[in-house]
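Sequence lines, in order, name chains A and B.
My numbering applies: residue 1 is where the first sequence begins, and numbers increase by one.
My numbering applies: residue 1001 is where the second sequence begins, and numbers increase by one.
Number of protein chains: 2
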Amino acid sequence: MTRYNAFYAQSGGVSSVINASACGVIETCRKHSDKIGTLYAGRNGIIGALTENLIDVGEESDESIAALRHTPGGAFGSCRYKLKDIDTHRVQYERLIEVFQAHNIRYFFYNGGGDSADTCLKVSQLSERMGYPLQAIHVPKTIDNDLPLTDCSPGFGSVAKYIATSVREAALDVLSMCATSTKVFVMEAMGRHAGWIAASGALGGGEGSAPPHMVLFPEIAFDRRRVMRKVDETVKQYGYCVIVVSEGVRYEDGTFLADAGNTDAFGHRQLGGVAPTLAGMIKQDLGYKYHWSVPDYLQRSARHLASKVDVEQAYAVGVRAVECAIEGKNAVMPAIRRDNQSPFEWSIFDAPLSEVANQEKFMPEDYIREDGFGITQACRDYLEPLIQGEDEPPYVNGLPDYAQLKLVGVPQKLAPFSL
Amino acid sequence: MTRYNAFYAQSGGVSSVINASACGVIETCRKHSDKIGTLYAGRNGIIGALTENLIDVGEESDESIAALRHTPGGAFGSCRYKLKDIDTHRVQYERLIEVFQAHNIRYFFYNGGGDSADTCLKVSQLSERMGYPLQAIHVPKTIDNDLPLTDCSPGFGSVAKYIATSVREAALDVLSMCATSTKVFVMEAMGRHAGWIAASGALGGGEGSAPPHMVLFPEIAFDRRRVMRKVDETVKQYGYCVIVVSEGVRYEDGTFLADAGNTDAFGHRQLGGVAPTLAGMIKQDLGYKYHWSVPDYLQRSARHLASKVDVEQAYAVGVRAVECAIEGKNAVMPAIRRDNQSPFEWSIFDAPLSEVANQEKFMPEDYIREDGFGITQACRDYLEPLIQGEDEPPYVNGLPDYAQLKLVGVPQKLAPFSL
């Protein structure tokens, strides 16, 4: 077998375990150095390929690569950049071929979510449509958990663990104070159009008195009167109310809660945040003292609290991606299959990329409780295995010790290209 | 020695290690059961004493008490309630004596910050001023780190570790994305009038390129033009800018940034948050895409990320408080003395409560860098030992397993008392 070089890049919003997938890809490439030559990483995703900004991964030590497994963020830089259609923007694809050819690259690993899968699918067509022999493998990643076919998306389990842990901890704080101080606590969860992350907040509690007492999903239209009634009932019954609200919560007419036309004194749109918006409504309608929290990026970078299952799955899809390449596959995505619920067992299978790209997986209706304010047992059964196990990073001087790569650039061979 | 009963209560905003102090108090009382009879806890701080809402700590198993050491929040309930002056509000103090007498209580342990130290000091005067033989010992706690005499306040070290870790993690996320997306990240830290917690954010970075690139202190008047210039320079130099901002940041004239007279479309005061306010200014003045985070209660309840040094100190002040009582002391507070910097060594001494109550410890001027946007080496030397070591709680089913006490109420002997 002739040796060809490989390209790896990270795309879209990063997570606390996307580097664990990178680690899986890189370590497996190194194991198969008889088949895969140099591995290049794209600086800032596909942009690195288009602009010939390549990083020589071979310059990184085995220790640095191993440390990627416990390092959050995207070590090679990520991007929000979608390739246009191959028919209308042929020049982009010709450029990709030019760069790949110049560096003898025939394996393409792209690590991202739904939008990135679309980019990967387009690149996978280079061989059939444009005659350049390339195999493109997608490595799944998204905290939003909205990729189809796969049981879950690497990155999600760790956010779920962070949200469930954080709400459990903060709820103990609020419970301590509610007699004379804060009565309502609102915590905002990421997840855009899908309620997966908000739902995971419910893992920290249970039925009845255990907080969070309410979860607000993007899938359920926001009805201010109903929500306020439930908040009021909860405070009256338990003395306090803890709420997890998804950033994507909307009114019946589709407008986002956090973008309800409010402007500040200078005429600017109100500064984001569903949590402060909802907390303000509660103060206005019910008069309760509140606190709110918007963890934002903290939730998707909290590698110190990663789910061990999530880290293992993220690594495994990286490993399998390289194996797929060696087996001659193209346009596939290693995906996770849930083989057994209890004890939890899972395996990896190769999903066709054409069925993954541009598809969103929404929460099944029967995962949301009938009253719309919590999760069902079916949802709990689905979520719980994904947050199992801890995988603490090493600590130095009291802080997590994260990988710092050298990121040595590869000398450019081609003329510059503007995006 | 005749056996008398004891009273313990938690006061003010709670922390992730105040229960570790409770654990120290309770375990030490149990060790000295020849001298201390029943230990009662006040439900919701001093309010529990005034309303005769006592919890029989004896009903809790040794295992539950041991688990308090790793449980955040205030297990017995806390309060924001300050006793009035003994001369003008004699009836409150007579009520306290009535309750203590009814339950044979002669030891009073109060676990809180500066305001609570004032309450404890007032209670300590019961014996001298009103003839009731009581010993009052204050157990220090406050995340704000503003108690005098003690090297640090139990609770602070763990928040410092949380903030430093979180900003390091989130900064890796922002660095990954800054080529095509978020360029500025603003994270808000608690701490009211003192910049201690914001300062600890700088531990995650260093000089030059290592984030956070800027820390904004309440001690330094906010100068919008200077701040914007620094943000702009930082983005131009490093591609991104990570900022830790204290909730207490103010303009030259003393008004808080987060309360600058802005109102929303309904005429309400702008919903809090220095971070979104500052992020909005950056967008307005410089046009950079931003994200912001307000962890709020998450930072002071994140027991999963506690500092081992902090937990040990919190426990030790609880232990020493009981020893003080047995030694016949009154109106003291076990405080922490830094005996050696490297290796870090500390011990406990008994500080006079009169010198603690109602005093605030501010950051020394030479802890803030000359440009006002970072910390000095002296500050780093002070802070670093306080975040050392990890002390993870046990995990069950993927989540921290926190103590759940029975909180059995003691039958009331007296007529009700209204606050």
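Yeah, the Cβ is synthetic: ideal placement off N, Cα and C, and Gly gets one too.
Local conformation of residue i per DSSP, three classes
i	result
residue 341(A)	coil
residue 1419(B)	coil
residue 1267(B)	In this prediction, residue 1267(B) has a pLDDT of 44, which is less than 50 and means its spatial position is unreliable; what the coordinates show is noted afterwards. Residue state, collapsed to three classes: coil.
residue 260(A)	The pLDDT assigned to residue 260(A) is 49, lower than 50, so where the model puts this residue is not dependable; a value taken from the coordinates is nonetheless given after this. Note: residue 260(A) maps to coil in three-state DSSP.
residue 238(A)	helix
residue 1188(B)	strand
residue 385(A)	helix
residue 1045(B)	coil
residue 1010(B)	strand
residue 1153(B)	coil
residue 246(A)	strand
residue 96(A)	helix
residue 1132(B)	coil
residue 1210(B)	coil
residue 1201(B)	helix
residue 1137(B)	strand
residue 5(A)	strand
residue 16(A)	coil
Beta strand (DSSP E) segment containing residue i, residue limits
i	result
residue 1111(B)	1105 to 1112
residue 87(A)	Careful: residue 87(A) lies outside any beta strand (DSSP E) and carries neither H nor E.
residue 293(A)	290 to 293
residue 363(A)	Note, residue 363(A): premise wrong, no beta strand (DSSP E); not H, not E.
residue 429(A)	In this structure chain A extends from 1 to 419, so residue 429(A) is not present and cannot be described.
Residue i vs residue j beta-carbon contact at 7 Å
i	j	result
residue 212(A)	residue 248(A)	no
residue 275(A)	residue 188(A)	yes
residue 348(A)	residue 325(A)	no
residue 1332(B)	residue 1137(B)	yes
residue 1099(B)	residue 1052(B)	yes
residue 182(A)	residue 308(A)	no
residue 335(A)	residue 357(A)	no
residue 1026(B)	residue 1055(B)	no
residue 1291(B)	residue 297(A)	yes
residue 1159(B)	residue 1380(B)	no
residue 1302(B)	residue 1391(B)	no
residue 1253(B)	residue 1286(B)	no
residue 311(A)	residue 1294(B)	no
residue 12(A)	residue 116(A)	yes
Contact set between residue i and chain B, taken where Cβ atoms lie within less than 9 Å
i	result
residue 214(A)	Those do not exist, as residue 214(A) stays about 17 Å from chain B at its closest Cβ, beyond 9 Å.
Closer than 8 Å at the beta carbon, the chain B residues around residue i
i	result
residue 81(A)	1180
residue 161(A)	1398, 1399
residue 388(A)	1397, 1398
residue 87(A)	Under the 8 Å cutoff, chain B gives no residues; its nearest Cβ is about 24 Å from residue 87(A).
residue 343(A)	Chain B residues near residue 343(A): none, gap ~13 Å exceeds 8 Å.
Limits of the unbroken alpha helix (DSSP H) element including residue i
i	result
residue 79(A)	Here residue 79(A) belongs to no alpha helix (DSSP H), and DSSP marks it neither H nor E.
residue 277(A)	274 to 286
residue 33(A)	Run containing residue 33(A): none; DSSP gives neither H nor E here.
residue 1216(B)	Where residue 1216(B) is concerned, there is no enclosing alpha helix (DSSP H), although the beta strand (DSSP E) it sits in stretches over 1214 to 1216.
residue 1062(B)	1062 to 1068
residue 1310(B)	1308 to 1326
residue 298(A)	297 to 301
Neighbouring residues, chain A, relative to residue i (Cβ below 9 Å)
i	result
residue 1047(B)	179, 180
Where residue i meets chain B, residues with beta-carbon distance less than 7 Å
i	result
residue 165(A)	1304, 1399, 1400
residue 296(A)	1291, 1292, 1293
residue 170(A)	1297, 1298, 1301
Residue i: CB within 6 Å of a non-hydrogen atom of the ligand GDP
i	result
residue 297(A)	Looking at this structure, you won't find the ligand GDP or any other ligand, since it has none at all.
Under 8 Å from the C-beta of residue i: neighbouring residues of chain A
i	result
residue 1384(B)	397, 398
residue 1203(B)	398, 399
Contacts that residue i makes with chain A (C-beta to C-beta distance below 7 Å)
i	result
residue 1247(B)	Residues of chain A passing the Cβ test: none, with the nearest at roughly 12 Å.
At least 3 beta-carbon pairs within less than 8 Å: the stretch 168 to 187 of chain A vs the stretch 1012 to 1025 of chain B: Short answer: they touch.
Is the stretch 1022 to 1038 of chain B close to the stretch 1358 to 1365 of chain B, with three or more CB pairs under 8 Å? no
Could you tell me whether the stretch 395 to 408 of chain A touches the stretch 1157 to 1169 of chain B, where touching means 3 or more Cβ pairs closer than 8 Å? yes
Please confirm if the stretch 70 to 89 of chain A is in contact with the stretch 34 to 54 of chain A, defined as three or more CB-CB distances below 8 Å between the two stretches. yes
Taking one C-beta from the stretch 384 to 394 of chain A and one from the stretch 227 to 242 of chain A each time, how about it: are there three or more such pairs within less than 8 Å? no
Between the stretch 403 to 413 of chain A and the stretch 218 to 229 of chain A, do three or more beta carbon pairs fall short of 8 Å? Taking 8 Å as the limit for Cβ pairs, the verdict is that the stretch 218 to 229 of chain A does not touch the stretch 403 to 413 of chain A.
Do three or more CB pairs link the stretch 1005 to 1014 of chain B to the stretch 1090 to 1107 of chain B at distances below 8 Å? yes
Any chance the stretch 1139 to 1156 of chain B sits against the stretch 1034 to 1041 of chain B, with 3 or more Cβ pairs inside 8 Å? no
Taking three-plus beta-carbon pairs below 8 Å as touching, is the stretch 1149 to 1164 of chain B in contact with the stretch 1119 to 1127 of chain B? no
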